[in-house]
Each structure stands twice: as C-alpha cells, then as structure tokens.
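Shown next, in structure tokens, is the structure this report addresses.
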Amino acid sequence: MELIFHKSEKYIEEDIFYYISDQRDKHSMIKPKKEDLISMTVESENLSGPKEKQISNVLYPFKKNSIDKIYIGLSFPLFSNNWAASYLRYLLKIIKTDGAIILPVYPEEQANEKGMWSRSFLENIFTSRTGWTGRNNVWAENDGVMSMRIGKKFPDKINSTLNFYLEEIGNKNFRNDLESKKIDYVDTVKNIWLTSKFSSIIEKIIQDNFSGKHITYCDLGNNPSLPFEINVSSYIKVKKTIIATNNDDAFLDLNNYFSYRKSPETERLDIADIKNIASHNPDIISTVFNSDNLKLLNNIIEICPKAAIVFYGKLDISKEIYGNYNICNYSSIVATKLNSGKTINHYSDIIEEEINKEEECDDNKIYLLIPK
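Each residue of the sequence shown is one higher than the last, beginning at 769 in the working numbering.
Right, here's the structure in full:
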C-alpha cells in the first residue's frame, strides 16, 4: 500500500503531480504510479483507515510495519521542529522494513526562511550510521526530494506533545476496546495539528527576535499543548514557561507527561489571574486559542508593556493603544515573516499564491507586536 498525505483535498492533484512528473525523479527511483496512491489529509474528519476513493485523516492509528511507502505532499504542513521530527519518527514505525517515506526538502536558505526541512536538517536528526558503516535513515534522492528508511539505528525519541498524544490515543483506544466504548477523536486530532502549526510559527518568531537569548515565554489560551510544545523546543532557549489556562485536564495530563522528562520549568496560572504574569517578566506572550483574544491583548498591553506579543485574530493596528509597538504579520501557512515587498517562494504554486496574498486578506492573522 502506498499513501500520499495532503493538507486538504484542494491540493491533491498538485501534490501527486510533484512526484509523478519527470522533473523531480528523472531516473524513476521513487516515482509512484498515480493509480497506486491513496490520498489522506490533515483536515479530514474521517478517522477510518486508508481506502481508495475515500479521504481519511492522516492520524489514523496505523499498525506498525504495515505501509510500503508514504509520500509527503507539498501541501502537507510539516515544519522542521521537534513536533515534525517526532512525526517522521512515528512514520518510520508504520512503514515496512523495506519501505520508505518520501518528502520534499528545500535549499538551506529557503528551508530556514519557511521553517521547513532541508537535507542538513534531516541528516542532523536522523542520521544513524557511523561514517560509511551501516544503513542510514536518510537517503538523498533527486532535486527537492529525499527519502527516509529504517537504518542501522532507530532514531531517538525527541520531546514533543505529539508523542504524548500518540501514546495516549493508543492507550485510550485500548481501554475503550476493553470497555466496548466508542469515542470521537475528531476534536483531538484537529487540536494536534493546530499545535503543530502555531508552535512552529511562534518558534520562528522567537528565533528571529530573541536569537541566542534565554527567554521566559507565556501563553494565554485553552490549548496548553501549544506552550508545552514551545517549552520543549530544541531550536530556541526557553528558561521558563508560564501557562495561563482554564483547561485543567489538558494541563495536568501534559504536565505529568513531561514531569519525568528533561524540560524547562513550567508554571500554571488561571486566566482570571493574568495580572500575576507581570511578576514573571515574560519576554514574549502569545494569545492564540481564545474566543476573546482582543480583550486579552489589551489587558496584556496594560500589564506587560515591555513584552513582545503574538496575537491571532483581527486587529486594527491604527488604534492608539497599539502606538507603542512595531507591528508585523507572520504567515499562518509557513513559518516566515510577511513583507509586502518580498515574494515568498514555495514548491507549490497554489500555496505560494496563498502565502503572498495573506497580508491582503480579511481573515484572522498572526500579528507580532514588538515594543518600540
């Protein structure tokens, strides 16, 4: 069985063409046959197994050693961070011993700009052989394409909230089978992907604006997995994370999971007590997963005027309250700062157009507010 993963059904044809055209695989080393591919997407609410002419979700709990090849489509939101490294490691368990994961990679500068994978990023994490001895996990294929296979040594587990969810969903499935219960995991799966996207973008914001600095990070929201993912990132230096949330169950589950893993300190606050955030002197604060983001933003400005703020929503930057900040937008598609004078390139023509129209759209946006 050969699978191909997409963001949504909108991108299926372009994702498939990338791999079946002669442009990327002139020697037909990894080129699939279109009729053999089964598409699955991030946004599907169908959590059943892969089937022809049926689009199901990529987080279906596959059996280990069950899939021949997995192609990562251009549209698939796979950033180069702990979350995605954990996901690729998980996929290595799914493929057969002679199987492969095929994915797009970018030149170094483009990869760094968008927070996506380059060859060196992959090899730094997944190389398993010593010198020329043994079989590597990462294989170079052709222009813009690499593959991952089971090498001499299986990659080490990396700290990420994804590992918690993969393990916990498996445990819940087992318990539910024993108790003959059926649970709807659609909301959980959506939350997992949103955590991946927003954590990657906030990581890039921190890299761009706090390079080399040990920071105190704070998040206000109903999705504690976002700040936990930032807290364990290998790509930034977090000394402490303040998590202001009313989602007690999710916080406790994640806090217990990371309590016996090496990670920076976390502290929980109730959102009603956000005035107490000031005593922690956060360098950067995010408010993403809230229905009243604008109200929280205005409170943060009053409480912590020296902190940088990541805001997700609709913002009238002409208002006087924002006059003490330099404000810019980051893409919600790739992890990069938007600049109307610069085109952001992407292998996908559809996605490139979407990225370069983000600043003009009236949808919710990611704003970064930096004190002047």
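Beta carbons are placed, not taken as given, at the ideal position from N, Cα and C, and that holds for glycine.
8 Å Cβ shell around residue i - same chain, five flanking residues per side excluded
i	result
Thr1055	Asp987, Leu988, Gly989, Asn1061, Leu1064, Leu1065, Ile1068, Ile1077, Val1078, Phe1079 and Tyr1080
Glu813	Asn825 and Val954
Gly980	Lys1005
Thr956	Tyr933 and Ile937
Residue i and residue j closer than 8 Å at C-beta
i	j	result
Ile870	Ile863	no
Asn849	Ser968	yes
Trp851	Leu930	yes
Asn1113	Glu1120	yes
Ile1150	Ser807	Because the chain is modelled from 769 through 1140, residue 1150 falls outside the range shown and cannot be assessed.
Thr809	Lys972	no
Met769	Ile835	yes
Asn786	Tyr1115	What sits at residue 786 in the sequence shown is Tyr, not Asn. Against a cut-off of 8 Å, the Cβ pair of Tyr1115 and Tyr786 comes out as a contact.
Pick from the options that is closest to residue i, judged by C-alpha positions
i	options	result
Pro829	Lys837, Asn1092 and Lys861	Lys861
Leu934	Arg857, Leu805 and Pro818	Arg857
Ser1134	Cys1096, Tyr1025, Glu1122 and Ser1027	First, the amino acid is wrong: residue 1134 is Ile here, not Ser. Closest option to Ile1134, Cα to Cα, is Cys1096.
Ala1075	Lys1082, Ser854, Lys925 and Ser1047	Ser1047
Thr1034	Asp1051, Asn1044, Ala1012 and Asp1017	Ala1012
Met916	Ser1001, Ile1118 and Ile798	Ile798
Val1000	Asp976, Phe932 and Phe1057	Phe932
Ile974	Lys1110, Pro1050 and Ser1108	Pro1050
Asp804	Val810, Glu820 and Ser789	Glu820
Gly912	Asp924, Pro923, Asn927 and Pro872	Pro872
Asn977	Asn1044, Asp1131, Ser834 and Pro1139	Pro1139
Ser1100	Lys832, Phe847 and Leu890	Phe847
Cys1129	Asp1117, Ser1116 and Leu1106	Leu1106
Tyr874	Ser888, Thr865, Ser964 and Asp866	Ser888
Ile918	Lys837, Asn1023, Ser964 and Lys831	Lys837
Lys921	Phe996, Asn905 and Phe1019	Asn905
Thr1111	Asp866, Gln878, Ser854 and Gly867	Gln878
Ala1018	Trp907, Tyr786 and Pro992	Pro992
Glu1126	Tyr1098, Asn1015 and Pro923	Tyr1098
Ser854	Thr865, Ile893 and Lys832	Ile893
Leu890	Asp866, Pro923, Lys831 and Lys958	Pro923
Lys925	Trp907, Thr865, Ile1118 and Leu859	Leu859
Own chain, CB closer than 6 Å to residue i, minus 5 neighbours either side, in chain order
i	result
Gly841	Ile772, Phe773, His774 and Asp783
Glu876	Ser886
Leu1137	Ile1077, Tyr1093 and Ile1095
Lys794	Note that Lys794 scores 49 on pLDDT, short of 50, meaning its location in the model is unreliable and no value can be drawn from it.
Phe966	Leu994 and Val1056
Ile960	Tyr933
Phe996	Thr929 and Leu1022
Close beta carbons around residue i, own chain, < 7 Å, minus the five adjacent residues each side
i	result
Tyr1003	Asn849, Glu971 and Gln975
Lys1043	Ile1071
Asn1132	Tyr1080, Gly1081 and Lys1082
Ile788	Lys799, Pro800 and Lys802
Ile1039	Leu988, Ala1012, Thr1013 and Asn1014
Glu777	Thr809 and Ile823
Pro845	Lys775, Val810, Ser964 and Lys965
Any non-hydrogen atom of the ligand ATP within 7 Å of residue i CB
i	result
Asn1113	For the structure depicted, the ligand ATP is absent and the ligand set is empty, with no information on it obtainable.
Open item on the list: So within the segment 824 to 887, which uninterrupted alpha helix (DSSP H) runs reach at least 4 residues, ignoring any that extend past its ends?
Closed with: 850 to 862 and 876 to 882
- [ ] Specify whether the segment 999 to 1011 and the segment 979 to 986 touch according to this definition: at least 3 beta carbon pairs, one from each stretch, less than 8 Å apart.
- [x] yes
- [ ] Mind listing, in chain order, the continuous beta strand (DSSP E) runs of no fewer than 3 residues lying wholly within the segment 1052 to 1124?
- [x] 1052 to 1055, 1076 to 1081 and 1093 to 1098
TODO: Could you tell me whether the segment 1021 to 1031 touches the segment 878 to 888, using the rule of 3 or more Cβ pairs below 8 Å?
DONE: no
Task: alpha helix (DSSP H) runs wholly inside the segment 1015 to 1056, at least 4 long, in chain order - done: 1016 to 1026
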